[in-house]
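UniProt numbering puts the first residue of the sequence shown at 1, with every later residue one more than the last. This report concerns only the one structure given below.
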Amino acid sequence: MERIPLPPQTQARSSATFTSPPMDGSMCLTQIYDWQAHHSPRHRLFVFNNRVGNVRTILWKEAIAAIYTGARSLRAKLAKVLNEKNGAPIVAILTTTDTLTYFTMIMSVLRADCVVFPISPRNSAGAVAHLLGKVGADHVLVGLEVAMQELLHESLKLFKAKFESRKLPSSSPVFSFEDLFRPDWEDAFTLQPNELPLTLVNLHDTVLYLHSSGSTAFPKPIPVTNLRFLQFGQIPWFGEQDWNDKVLSMHVVPMIHGMAVMQTFWAASTGLVISTFEPKFPPIPPTPENVYEVARATSTDVILCVPSFVEAWACHPEYVQWLASRSGIVSPFYRPSFHVFKNA
1 MERIPLPPQT QARSSATFTS PPMDGSMCLT QIYDWQAHHS PRHRLFVFNN
51 RVGNVRTILW KEAIAAIYTG ARSLRAKLAK VLNEKNGAPI VAILTTTDTL
101 TYFTMIMSVL RADCVVFPIS PRNSAGAVAH LLGKVGADHV LVGLEVAMQE
151 LLHESLKLFK AKFESRKLPS SSPVFSFEDL FRPDWEDAFT LQPNELPLTL
201 VNLHDTVLYL HSSGSTAFPK PIPVTNLRFL QFGQIPWFGE QDWNDKVLSM
251 HVVPMIHGMA VMQTFWAAST GLVISTFEPK FPPIPPTPEN VYEVARATST
301 DVILCVPSFV EAWACHPEYV QWLASRSGIV SPFYRPSFHV FKNA
């Protein structure tokens, strides 16, 4: 495989549970996940506060087993496409599923050797049909909500009218947390020879599509190659912060966002830990209050959030006191107003 220059070694320099993977292009993201399953099995990947107030930790080994479970199930659903198509199937995801499950589902699609396309559920039916047609989607994992089912139904009607010569994408329900994280997960951890083959391993293979906001026209699909994904994963290595075992709050930013999708690689390359709400259906909607409470309960180090939450927290001295003890708040494109500085 083609190689790229190694970044400075700034991550996981003294970790007892996490081993930094090769970041020279010798492995793509899915291969790095397989590698981490055996090199960092006891390291934390997810933490969340459950319904009885206890912090649940999911280690890399259990998460990899869940990814394999999802990949096996998806390949079974796509058996006909896999046999007939010359190339990797493209699987879109249209749902409001909770962050932890969505994260695992993205990796399950990739580990099934498919191209994944998270689509914002805020798009119109016309926009969804446009995106599915533009990338040539083969399958859609759709949310269980009535709104999601209706959105896909209307989108496929428009797809059929606009792309008359194209085959309609098939669809199936998204995976639930319980579908992926099973009590017998240790049995799912072992792969049989050639059970989940990988072909999308070249640096220039497209493995992911994101899409533009669609604020001025229909959203446009944005292809992401293994090389670009690897470059995403290298970003923290060029900073001063060692992210290993740091807990990152992912309670607010949806998994259809590029910043959120990047965490699939950041976690694998640095050993950062993802803090989420408890996985459940319907998902817990974030508010300034519950994000603060869960972030504190899970000892979050860095909070990734929208500006309005920072403004709300600034009005509570006890919030500000705790937040000041954290490593930071990441709120893209945010310029605090005067009262935030005054209260803080």
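Ideal Cβ positions, reconstructed from N, Cα and C, are used throughout, including at glycine. On a predicted model such as this, the values are computed, not experimentally measured, just so you know.
With 16 or more neighbouring CB atoms inside 10 Å of its own CB, valine 207 falls in the buried class. Going by DSSP, valine 273 is part of the beta strand (DSSP E) stretching over 273-276. Rounded to the nearest whole angstrom, the CA to CA distance from arginine 228 to proline 282 is 33 Å. Per DSSP, the unbroken alpha helix (DSSP H) holding phenylalanine 229 starts and ends at 226-234.
Within the segment 137-165, the runs of alpha helix (DSSP H) at least 4 residues long that lie entirely inside it are, in chain order, 146-162. Contact between serine 15 and asparagine 202 does not hold, since their C-beta atoms are separated by about 30 Å, which reaches or exceeds 8 Å. For histidine 257, no alpha helix (DSSP H) run applies, since DSSP gives it neither H nor E. With a threshold of 16 other beta carbon atoms within 10 Å, threonine 216 falls short and is exposed.
Note that the segment 174-181 touches the segment 61-71; at least 3 beta-carbon pairs, one per stretch, sit closer than 8 Å.
As computed with DSSP, phenylalanine 48 is found in a beta bridge with Arg56 and Thr276. In the pairwise beta carbon analysis, the segment 314-327 is classified as not touching the segment 137-144: fewer than three pairs are separated by under 8 Å. Straight through space, the alpha carbons of proline 288 and tryptophan 313 are spaced by roughly 7 Å. Nearest in C-alpha terms to asparagine 50, of all of Met27, Leu100 and Trp35, is Leu100. In the DSSP assignment, glycine 328 forms a beta bridge with Val302. In the three-state scheme derived from DSSP, where H, G and I count as helix and E and B as strand, leucine 200 is classed as coil. Close CB contacts of valine 135 within its chain, under the 7 Å cut and outside five residues either way in sequence, are with Ile90, Phe117, Tyr209 and Pro221 (chain order).
Nearest neighbour of arginine 44 by Cα position, chosen from Thr96, Ala127 and Thr57, turns out to be Thr57. The DSSP-derived three-state label of isoleucine 119 is strand. Our two residues, histidine 38 and leucine 230, have alpha carbons roughly 20 Å apart in a direct line. Around the beta carbon of cysteine 28, 16 or more other beta carbons lie within 10 angstroms, which makes this residue buried. Spanning the alpha carbons of proline 193 and tyrosine 68 requires a straight line of approximately 13 Å. For serine 269, the closest C-alpha among the options Pro286, Pro254, Gly133 and Thr10 is that of Thr10. Glycine 271 and arginine 42 have their alpha carbons spaced roughly 11 Å apart. Sixteen is the threshold: when 16 or more other Cβ atoms of the shown chains lie within 10 Å of the Cβ of alanine 71, as they do, the residue is buried.
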